[in-house]
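J.: Residue numbers (full-length UniProt numbering): 1 to 338.
Glycine included, every Cβ here is placed at the ideal spot set by N, Cα and C.
If you're wondering where the values come from, they're calculated on a predicted model, not measured in any experiment.
Rendered as C-alpha coordinates:
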(Lines of atoms letter the chains of each structure in order from A and count residues from 1; the text may use other names and numbers.)
(Lines give C-alpha, C1' and ligand atoms only; values in the text may rest on other atoms or scores of the structure.)
Protein backbone atom coordinates (compact mmCIF):
# COMPACT_ATOMS: atom_id res chain seq x y z
CA UNK A 1 0.00 0.00 0.00
CA UNK A 2 2.90 2.34 0.72
CA UNK A 3 4.40 1.59 -2.68
CA UNK A 4 1.17 2.64 -4.39
CA UNK A 5 0.87 5.76 -2.19
CA UNK A 6 4.44 6.99 -2.69
CA UNK A 7 4.49 6.13 -6.39
CA UNK A 8 1.28 8.08 -7.00
CA UNK A 9 2.50 11.06 -4.97
CA UNK A 10 5.68 11.15 -7.06
CA UNK A 11 3.61 10.78 -10.24
CA UNK A 12 1.55 13.82 -9.29
CA UNK A 13 4.76 15.79 -8.71
CA UNK A 14 6.19 14.74 -12.07
CA UNK A 15 2.99 15.83 -13.78
CA UNK A 16 3.23 19.32 -12.29
CA UNK A 17 6.83 19.41 -13.53
CA UNK A 18 5.55 18.64 -17.07
CA UNK A 19 7.53 15.41 -17.18
CA UNK A 20 4.29 13.44 -17.57
CA UNK A 21 1.64 14.55 -20.02
CA UNK A 22 -1.81 13.53 -21.20
CA UNK A 23 -4.47 12.09 -18.94
CA UNK A 24 -3.34 10.84 -15.53
CA UNK A 25 -5.55 9.31 -12.81
CA UNK A 26 -4.23 8.30 -9.40
CA UNK A 27 -5.09 5.55 -6.93
CA UNK A 28 -4.60 7.83 -3.92
CA UNK A 29 -7.13 6.71 -1.29
CA UNK A 30 -7.79 3.38 -3.00
CA UNK A 31 -4.61 1.58 -1.90
CA UNK A 32 -6.41 -0.95 0.31
CA UNK A 33 -8.73 -1.89 -2.52
CA UNK A 34 -5.86 -2.26 -5.00
CA UNK A 35 -3.72 -4.45 -2.75
CA UNK A 36 -6.64 -6.50 -1.45
CA UNK A 37 -7.85 -7.30 -4.95
CA UNK A 38 -4.41 -8.23 -6.26
CA UNK A 39 -3.80 -10.49 -3.25
CA UNK A 40 -6.80 -12.56 -4.31
CA UNK A 41 -5.43 -13.34 -7.78
CA UNK A 42 -3.03 -16.11 -8.71
CA UNK A 43 -0.23 -15.62 -11.24
CA UNK A 44 -2.14 -17.46 -13.96
CA UNK A 45 -5.22 -15.23 -13.66
CA UNK A 46 -5.93 -12.28 -15.96
CA UNK A 47 -6.61 -8.65 -15.09
CA UNK A 48 -8.38 -5.89 -17.01
CA UNK A 49 -8.62 -2.39 -15.50
CA UNK A 50 -9.87 1.04 -16.38
CA UNK A 51 -7.64 4.08 -16.78
CA UNK A 52 -6.89 4.38 -13.02
CA UNK A 53 -4.37 1.55 -13.31
CA UNK A 54 -0.97 2.51 -11.85
CA UNK A 55 -1.41 0.78 -8.50
CA UNK A 56 -2.75 -2.41 -10.06
CA UNK A 57 0.23 -2.56 -12.40
CA UNK A 58 2.69 -2.22 -9.51
CA UNK A 59 1.06 -4.78 -7.22
CA UNK A 60 0.41 -7.19 -10.08
CA UNK A 61 4.18 -7.29 -10.57
CA UNK A 62 5.19 -4.76 -13.21
CA UNK A 63 8.60 -3.19 -12.63
CA UNK A 64 8.16 0.29 -11.05
CA UNK A 65 10.85 1.74 -13.30
CA UNK A 66 9.15 0.52 -16.46
CA UNK A 67 5.76 1.77 -15.21
CA UNK A 68 7.20 5.21 -14.50
CA UNK A 69 8.98 5.19 -17.87
CA UNK A 70 5.62 4.53 -19.52
CA UNK A 71 4.12 7.51 -17.72
CA UNK A 72 7.06 9.56 -19.00
CA UNK A 73 6.38 8.28 -22.54
CA UNK A 74 9.80 6.64 -22.85
CA UNK A 75 11.03 3.63 -24.85
CA UNK A 76 11.65 1.49 -21.76
CA UNK A 77 8.04 1.80 -20.64
CA UNK A 78 5.79 -1.27 -20.42
CA UNK A 79 4.08 -0.18 -23.65
CA UNK A 80 7.24 1.31 -25.17
CA UNK A 81 6.07 4.81 -24.29
CA UNK A 82 3.06 4.74 -26.63
CA UNK A 83 0.38 3.92 -24.05
CA UNK A 84 1.02 6.33 -21.23
CA UNK A 85 -0.83 6.46 -17.94
CA UNK A 86 -4.12 4.91 -19.06
CA UNK A 87 -2.78 1.95 -21.03
CA UNK A 88 -0.40 -0.08 -18.86
CA UNK A 89 -0.16 -3.54 -20.44
CA UNK A 90 2.10 -6.50 -19.70
CA UNK A 91 1.40 -10.05 -20.81
CA UNK A 92 4.13 -11.38 -18.50
CA UNK A 93 1.99 -10.57 -15.45
CA UNK A 94 -1.25 -11.04 -17.40
CA UNK A 95 -2.44 -7.47 -16.98
CA UNK A 96 -4.18 -6.88 -20.29
CA UNK A 97 -4.75 -3.12 -20.00
CA UNK A 98 -5.57 -0.12 -18.88
CA UNK A 99 -8.51 1.20 -20.97
CA UNK A 100 -9.43 4.84 -21.50
CA UNK A 101 -12.99 4.31 -22.75
CA UNK A 102 -15.45 4.02 -19.85
CA UNK A 103 -16.71 0.43 -19.91
CA UNK A 104 -14.47 -0.49 -22.83
CA UNK A 105 -12.69 -3.20 -20.87
CA UNK A 106 -15.83 -5.13 -19.88
CA UNK A 107 -16.61 -6.83 -23.22
CA UNK A 108 -12.93 -7.68 -23.64
CA UNK A 109 -12.70 -9.22 -20.17
CA UNK A 110 -15.89 -11.16 -20.83
CA UNK A 111 -14.39 -12.41 -24.09
CA UNK A 112 -11.21 -13.46 -22.30
CA UNK A 113 -13.32 -15.41 -19.79
CA UNK A 114 -15.12 -17.06 -22.70
CA UNK A 115 -11.76 -18.10 -24.14
CA UNK A 116 -10.76 -19.61 -20.78
CA UNK A 117 -14.04 -21.50 -20.59
CA UNK A 118 -13.82 -22.64 -24.21
CA UNK A 119 -10.50 -24.35 -23.64
CA UNK A 120 -11.49 -25.71 -20.19
CA UNK A 121 -8.90 -23.60 -18.37
CA UNK A 122 -8.89 -22.89 -14.65
CA UNK A 123 -7.82 -19.24 -14.88
CA UNK A 124 -10.05 -16.44 -13.62
CA UNK A 125 -10.50 -13.05 -15.26
CA UNK A 126 -10.83 -10.03 -12.98
CA UNK A 127 -12.33 -6.90 -14.50
CA UNK A 128 -12.04 -3.66 -12.52
CA UNK A 129 -14.14 -0.57 -13.20
CA UNK A 130 -15.31 2.65 -11.57
CA UNK A 131 -18.79 3.30 -10.24
CA UNK A 132 -19.81 5.34 -13.28
CA UNK A 133 -19.28 2.33 -15.54
CA UNK A 134 -22.34 0.62 -14.07
CA UNK A 135 -24.48 3.05 -16.10
CA UNK A 136 -22.85 2.06 -19.39
CA UNK A 137 -24.56 -0.38 -21.75
CA UNK A 138 -21.46 -2.59 -21.94
CA UNK A 139 -21.80 -3.24 -18.19
CA UNK A 140 -25.25 -4.77 -18.57
CA UNK A 141 -24.44 -6.63 -21.77
CA UNK A 142 -21.31 -8.15 -20.24
CA UNK A 143 -22.97 -9.25 -17.01
CA UNK A 144 -25.85 -10.75 -18.94
CA UNK A 145 -23.58 -12.81 -21.21
CA UNK A 146 -21.30 -13.82 -18.34
CA UNK A 147 -24.25 -15.41 -16.53
CA UNK A 148 -25.78 -16.96 -19.62
CA UNK A 149 -22.49 -18.60 -20.56
CA UNK A 150 -21.24 -19.43 -17.02
CA UNK A 151 -17.98 -17.51 -17.42
CA UNK A 152 -15.17 -17.37 -14.81
CA UNK A 153 -15.05 -13.59 -14.52
CA UNK A 154 -15.14 -11.41 -11.42
CA UNK A 155 -16.42 -7.89 -12.03
CA UNK A 156 -15.07 -5.33 -9.55
CA UNK A 157 -16.83 -1.99 -9.05
CA UNK A 158 -14.47 0.41 -7.28
CA UNK A 159 -16.99 2.82 -5.85
CA UNK A 160 -15.14 5.95 -4.76
CA UNK A 161 -18.57 7.60 -4.54
CA UNK A 162 -17.93 10.04 -7.37
CA UNK A 163 -18.26 9.55 -11.11
CA UNK A 164 -15.84 12.36 -11.99
CA UNK A 165 -17.69 15.11 -10.08
CA UNK A 166 -21.15 13.55 -9.77
CA UNK A 167 -22.11 11.56 -6.68
CA UNK A 168 -23.34 8.01 -7.13
CA UNK A 169 -26.67 8.95 -5.53
CA UNK A 170 -27.22 11.61 -8.19
CA UNK A 171 -26.34 9.28 -11.08
CA UNK A 172 -27.71 5.88 -10.06
CA UNK A 173 -31.31 5.08 -9.17
CA UNK A 174 -29.85 2.14 -7.19
CA UNK A 175 -26.76 3.56 -5.44
CA UNK A 176 -25.88 0.24 -3.82
CA UNK A 177 -24.25 -0.89 -7.03
CA UNK A 178 -23.66 -4.54 -6.12
CA UNK A 179 -27.44 -5.06 -6.16
CA UNK A 180 -27.44 -4.59 -9.93
CA UNK A 181 -26.10 -8.12 -10.26
CA UNK A 182 -29.47 -9.49 -9.13
CA UNK A 183 -30.95 -8.54 -12.52
CA UNK A 184 -28.67 -11.20 -14.01
CA UNK A 185 -28.98 -13.77 -11.20
CA UNK A 186 -25.34 -13.19 -10.38
CA UNK A 187 -23.85 -13.51 -6.89
CA UNK A 188 -22.60 -10.22 -5.50
CA UNK A 189 -21.35 -8.48 -2.37
CA UNK A 190 -20.31 -5.10 -1.01
CA UNK A 191 -17.19 -4.55 1.08
CA UNK A 192 -15.36 -1.72 2.85
CA UNK A 193 -12.72 -0.67 0.34
CA UNK A 194 -10.63 0.98 3.05
CA UNK A 195 -10.02 -2.37 4.78
CA UNK A 196 -7.34 -4.30 2.89
CA UNK A 197 -8.06 -7.57 4.74
CA UNK A 198 -11.81 -7.33 4.11
CA UNK A 199 -11.20 -6.66 0.42
CA UNK A 200 -8.75 -9.56 0.15
CA UNK A 201 -11.15 -11.99 1.81
CA UNK A 202 -14.17 -10.90 -0.23
CA UNK A 203 -12.21 -10.96 -3.48
CA UNK A 204 -10.70 -14.36 -2.68
CA UNK A 205 -14.18 -15.80 -2.17
CA UNK A 206 -15.33 -14.35 -5.49
CA UNK A 207 -12.26 -15.54 -7.38
CA UNK A 208 -12.36 -19.08 -6.04
CA UNK A 209 -16.08 -19.36 -6.74
CA UNK A 210 -15.46 -18.28 -10.32
CA UNK A 211 -12.60 -20.78 -10.59
CA UNK A 212 -14.35 -23.80 -9.11
CA UNK A 213 -17.93 -23.23 -10.21
CA UNK A 214 -17.31 -21.33 -13.46
CA UNK A 215 -19.75 -18.64 -12.33
CA UNK A 216 -19.36 -14.85 -12.60
CA UNK A 217 -19.42 -12.58 -9.56
CA UNK A 218 -19.85 -8.85 -8.88
CA UNK A 219 -17.94 -7.29 -5.99
CA UNK A 220 -18.36 -3.64 -5.01
CA UNK A 221 -15.66 -1.96 -2.91
CA UNK A 222 -16.51 1.38 -1.28
CA UNK A 223 -13.82 3.93 -0.52
CA UNK A 224 -12.97 7.56 -1.26
CA UNK A 225 -10.36 9.20 -3.42
CA UNK A 226 -7.98 11.68 -1.83
CA UNK A 227 -7.57 13.80 -4.96
CA UNK A 228 -9.69 14.89 -7.89
CA UNK A 229 -10.78 12.65 -10.74
CA UNK A 230 -7.45 13.30 -12.47
CA UNK A 231 -4.32 15.23 -11.52
CA UNK A 232 -5.70 18.39 -13.16
CA UNK A 233 -9.04 18.22 -11.33
CA UNK A 234 -9.14 20.59 -8.30
CA UNK A 235 -12.25 18.76 -7.00
CA UNK A 236 -14.02 22.04 -6.26
CA UNK A 237 -17.31 20.13 -6.17
CA UNK A 238 -16.43 18.72 -2.72
CA UNK A 239 -16.85 20.69 0.47
CA UNK A 240 -14.15 20.91 3.12
CA UNK A 241 -16.18 18.64 5.37
CA UNK A 242 -16.41 16.02 2.61
CA UNK A 243 -12.66 16.17 2.00
CA UNK A 244 -11.96 15.90 5.73
CA UNK A 245 -14.26 12.87 5.98
CA UNK A 246 -12.35 11.08 3.21
CA UNK A 247 -8.99 11.91 4.77
CA UNK A 248 -10.18 10.61 8.13
CA UNK A 249 -10.62 7.19 6.48
CA UNK A 250 -7.19 7.20 4.78
CA UNK A 251 -6.51 3.45 4.37
CA UNK A 252 -2.72 3.78 4.59
CA UNK A 253 -2.76 5.78 7.82
CA UNK A 254 -5.48 3.55 9.24
CA UNK A 255 -3.53 0.36 8.60
CA UNK A 256 -0.39 1.94 10.07
CA UNK A 257 -2.24 2.69 13.30
CA UNK A 258 -3.82 -0.77 13.46
CA UNK A 259 -0.48 -2.50 12.98
CA UNK A 260 1.08 -0.45 15.77
CA UNK A 261 -1.83 -0.68 18.23
CA UNK A 262 -2.18 -4.41 17.58
CA UNK A 263 1.48 -5.04 18.25
CA UNK A 264 2.06 -6.41 14.77
CA UNK A 265 4.75 -3.86 13.90
CA UNK A 266 6.54 -0.98 15.58
CA UNK A 267 6.67 2.62 14.44
CA UNK A 268 10.38 2.33 13.58
CA UNK A 269 9.80 -0.83 11.55
CA UNK A 270 7.04 0.81 9.54
CA UNK A 271 9.23 3.89 9.01
CA UNK A 272 11.93 1.62 7.61
CA UNK A 273 9.43 0.09 5.18
CA UNK A 274 8.46 3.60 4.09
CA UNK A 275 12.12 4.47 3.55
CA UNK A 276 12.62 1.33 1.44
CA UNK A 277 9.61 2.28 -0.67
CA UNK A 278 10.98 5.82 -1.10
CA UNK A 279 14.19 4.34 -2.50
CA UNK A 280 12.24 2.16 -4.94
CA UNK A 281 10.23 5.13 -6.20
CA UNK A 282 13.35 7.32 -6.47
CA UNK A 283 15.05 4.61 -8.54
CA UNK A 284 11.95 4.34 -10.75
CA UNK A 285 12.05 8.05 -11.48
CA UNK A 286 15.77 7.94 -12.25
CA UNK A 287 15.20 5.00 -14.61
CA UNK A 288 12.41 6.86 -16.40
CA UNK A 289 14.40 10.05 -16.80
CA UNK A 290 17.34 8.17 -18.31
CA UNK A 291 15.18 6.21 -20.73
CA UNK A 292 15.19 7.62 -24.29
CA UNK A 293 12.09 9.01 -25.94
CA UNK A 294 10.70 7.00 -28.88
CA UNK A 295 12.10 7.89 -32.30
CA UNK A 296 9.72 9.85 -34.50
CA UNK A 297 10.35 7.28 -37.26
CA UNK A 298 8.68 4.62 -35.09
CA UNK A 299 5.42 6.56 -34.81
CA UNK A 300 3.45 4.11 -36.96
CA UNK A 301 5.16 0.87 -35.90
CA UNK A 302 2.22 -0.37 -33.83
CA UNK A 303 -0.71 0.96 -35.84
CA UNK A 304 -1.44 -2.55 -37.12
CA UNK A 305 -0.43 -5.94 -35.73
CA UNK A 306 0.52 -7.16 -39.22
CA UNK A 307 1.52 -5.26 -42.38
CA UNK A 308 -1.34 -3.56 -44.20
CA UNK A 309 -1.05 -2.49 -47.85
CA UNK A 310 -0.99 1.26 -48.49
CA UNK A 311 -1.16 2.24 -44.81
CA UNK A 312 -0.17 5.90 -44.49
CA UNK A 313 2.98 6.80 -42.59
CA UNK A 314 2.80 10.49 -43.41
CA UNK A 315 4.00 12.74 -40.61
CA UNK A 316 2.36 16.11 -39.90
CA UNK A 317 3.38 18.64 -42.54
CA UNK A 318 4.46 16.07 -45.10
CA UNK A 319 2.91 15.95 -48.56
CA UNK A 320 -0.06 13.65 -49.10
CA UNK A 321 1.37 12.68 -52.52
CA UNK A 322 4.99 12.64 -53.70
CA UNK A 323 5.91 15.83 -55.48
CA UNK A 324 6.29 15.54 -59.25
CA UNK A 325 9.68 16.46 -60.72
CA UNK A 326 9.87 20.23 -61.11
CA UNK A 327 6.63 20.79 -59.16
CA UNK A 328 7.15 23.11 -56.19
CA UNK A 329 3.51 23.48 -55.23
CA UNK A 330 3.06 25.44 -52.03
CA UNK A 331 0.17 23.22 -50.96
CA UNK A 332 1.42 19.78 -49.88
CA UNK A 333 -2.12 18.39 -49.68
CA UNK A 334 -3.15 19.44 -53.17
CA UNK A 335 -0.06 19.53 -55.40
CA UNK A 336 -0.51 20.74 -58.96
CA UNK A 337 -1.61 17.92 -61.24
CA UNK A 338 -2.79 15.66 -58.42
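Are the CB atoms of residue 161 and residue 224 within a distance shorter than 9 Å?
T.: Locating residue 224 in the chain shown gives position 224, where the first residue counts as 1. Locating residue 161 in the chain shown gives position 161, where the first residue counts as 1. Going by C-beta atoms, residue 224 is nearer than 9 Å to residue 161.
J.: Taking only the alpha-carbon atoms, compute the straight-line gap between residue 283 and residue 267 and give it to the nearest angstrom.
T.: Counted from its first residue, the chain shown places residue 283 at position 283. Counted from its first residue, the chain shown places residue 267 at position 267. Distance between the alpha carbons of residue 283 and residue 267: 25 Å.
J.: Looking at residue 119 and residue 47, is the spacing between their C-beta atoms short of 9 Å?
T.: Position 47 of the chain shown holds residue 47. Position 119 of the chain shown holds residue 119. Result no, Cβ atoms of residue 47 and residue 119 do not sit closer than 9 Å.
J.: Measuring straight from C-alpha to C-alpha, what distance separates residue 180 and residue 16?
T.: Looking up residue 180 in the chain shown gives position 180. Looking up residue 16 in the chain shown gives position 16. Using only the alpha carbons, I get a separation of about 39 Å.
J.: Locate the alpha helix (DSSP H) running through residue 144, then write down its first and last residues.
T.: Here residue 144 refers to the residue found at position 144 of the chain shown. First-last of the alpha helix (DSSP H) with residue 144: 137-148.
J.: For the alpha helix (DSSP H) that contains residue 105, what are its first and last residues?
T.: The count along the chain shown starts at 1 and reaches residue 105 at position 105. It spans 105-118 - the alpha helix (DSSP H) in which residue 105 sits, taken as one unbroken run.
J.: With a 10 Å radius around its C-beta and 16 neighbouring C-beta atoms as the bar for buried, classify residue 148 as buried or exposed.
T.: Position 148 of the chain shown, counting from 1, holds the residue named residue 148. It counts as exposed.
J.: Suppose contacts are defined by Cβ-Cβ distances below 9 Å. Is residue 125 in contact with residue 154 by that definition?
T.: Within the chain shown, the letter at position 125 stands for residue 125. Within the chain shown, the letter at position 154 stands for residue 154. Yes, the pair counts as a contact, with Cβ atoms nearer than the cut-off.
J.: Can you give the Cα-Cα distance for residue 200 and residue 271, rounded to whole angstroms?
T.: Residue 200 sits at position 200 when you count from the first residue of the chain shown. Residue 271 sits at position 271 when you count from the first residue of the chain shown. Rounded to the nearest angstrom, the two C-alpha atoms are 24 Å apart.
J.: By the 10 Å Cβ neighbour count, where 16 or more other Cβ atoms means buried, how is residue 66 classified, buried or exposed?
T.: Counting from 1 along the chain shown, the entry for residue 66 is found at position 66. The residue in question, residue 66, is buried, as its Cβ has 16 or more Cβ neighbours within 10 Å.
J.: Check residue 91 in the structure and name its three-state DSSP category.
T.: In the chain shown, residue 91 corresponds to position 91, counting from 1. Three-state result, residue 91: helix.
J.: Under the assumption that residue 62 contacts residue 90 (Cβ atoms under 8 Å), give the Cβ distance between them as a whole number of angstroms.
T.: The residue you call residue 62 lines up with position 62 of the chain shown. The residue you call residue 90 lines up with position 90 of the chain shown. So it is a contact: roughly 5 Å between Cβ atoms.
J.: If distances are taken between C-alpha atoms only, which option among 303, 116, 134, 38 comes closest to residue 171?
T.: Position 171 of the chain shown, counted from the first residue, corresponds to residue 171. Checked all of 303, 116, 134, 38; the closest Cα to residue 171 is 134.
J.: Note down the Cα distance separating residue 73 from residue 261, rounded to an integer number of angstroms.
T.: Here residue 73 corresponds to residue number 73 of the chain shown, with the count starting at 1. Here residue 261 corresponds to residue number 261 of the chain shown, with the count starting at 1. Distance between the alpha carbons of residue 73 and residue 261 is about 43 Å.
J.: Just the Cα atoms here: how many angstroms apart are residue 286 and residue 303?
T.: By 1-based counting over the chain shown, the position of residue 286 is 286. By 1-based counting over the chain shown, the position of residue 303 is 303. Spanning the two alpha carbons is a distance of roughly 30 Å.
J.: Within 10 Å of its beta-carbon, does residue 226 have 16 or more other beta-carbons around it, so buried, or fewer, so exposed?
T.: Locating residue 226 in the chain shown gives position 226, where the first residue counts as 1. So residue 226 counts as buried.
J.: Find the nearest neighbour of residue 99 within the set 168, 87, 152, judged by alpha-carbon distance.
T.: Start at 1 with the first residue of the chain shown, and residue 99 comes out as number 99. Among 168, 87, 152, the Cα nearest to that of residue 99 is on 87.
J.: So, helix, strand or coil for residue 13, using DSSP?
T.: The sequence position of residue 13 within the chain shown is 13, counting from 1. In this structure, residue 13 counts as helix in the three-state DSSP scheme.
J.: Going by C-alpha distance, which of 306, 265, 132, 57 is nearest residue 175?
T.: Here residue 175 refers to the residue found at position 175 of the chain shown. Measuring from the Cα of residue 175, the nearest candidate turns out to be 132.
J.: Tell whether a beta-carbon distance below 9 Å holds between residue 14 and residue 96.
T.: Residue numbering aside, residue 14 sits at position 14 when the chain shown is read from its first letter. Residue numbering aside, residue 96 sits at position 96 when the chain shown is read from its first letter. Cβ atoms of residue 14 and residue 96: not closer than 9 Å.
J.: Beta-carbon separation of residue 3 and residue 277 under 9 Å?
T.: Position 3 of the chain shown holds residue 3. Position 277 of the chain shown holds residue 277. Yes, the Cβ-Cβ distance between residue 3 and residue 277 is below 9 Å.
J.: Would you mind sorting residue 312 into buried or exposed? The rule is 16 or more other CB atoms within 10 Å of its CB.
T.: Taking the chain shown and counting its residues from 1, the one referred to as residue 312 is at position 312. With fewer than 16 Cβ atoms within 10 Å of its Cβ, residue 312 is classed as exposed.
J.: Kindly list the residues whose CB is nearer than 7 Å to the CB of residue 202, restricted to its own chain and excluding five residues on each side of it in sequence; keep chain order.
T.: The residue you call residue 202 lines up with position 202 of the chain shown. If we look at residue 202 and ignore the five residues flanking it on each side, its Cβ neighbours are 189, 191, 219.
J.: Whose CA, out of 292, 59, 113, 51, lies closest to the CA of residue 83?
T.: Here residue 83 refers to the residue found at position 83 of the chain shown. Cα-wise, what sits closest to residue 83 is 51.
J.: Which runs of the alpha helix (DSSP H) spanning at least 4 residues fall entirely within the region 219-297, listed in chain order?
T.: If we require 4 residues or more, the alpha helix (DSSP H) runs fully inside the region 219-297 come out as 240-248, 251-261, 267-290.
J.: Buried or exposed for residue 5, going by 16 or more other Cβ atoms inside 10 Å?
T.: Residue numbering aside, residue 5 sits at position 5 when the chain shown is read from its first letter. Under this definition residue 5 is a buried residue.
J.: Please state the DSSP three-state secondary structure of residue 6.
T.: In the chain shown, residue 6 corresponds to position 6, counting from 1. Looking at residue 6 - three-state DSSP - the assignment turns out to be helix.
J.: From the beta carbon of residue 258, is the nearest beta carbon of chain D less than 9 Å away?
T.: Of the chains in the structure shown, none is chain D; there is only one protein chain.
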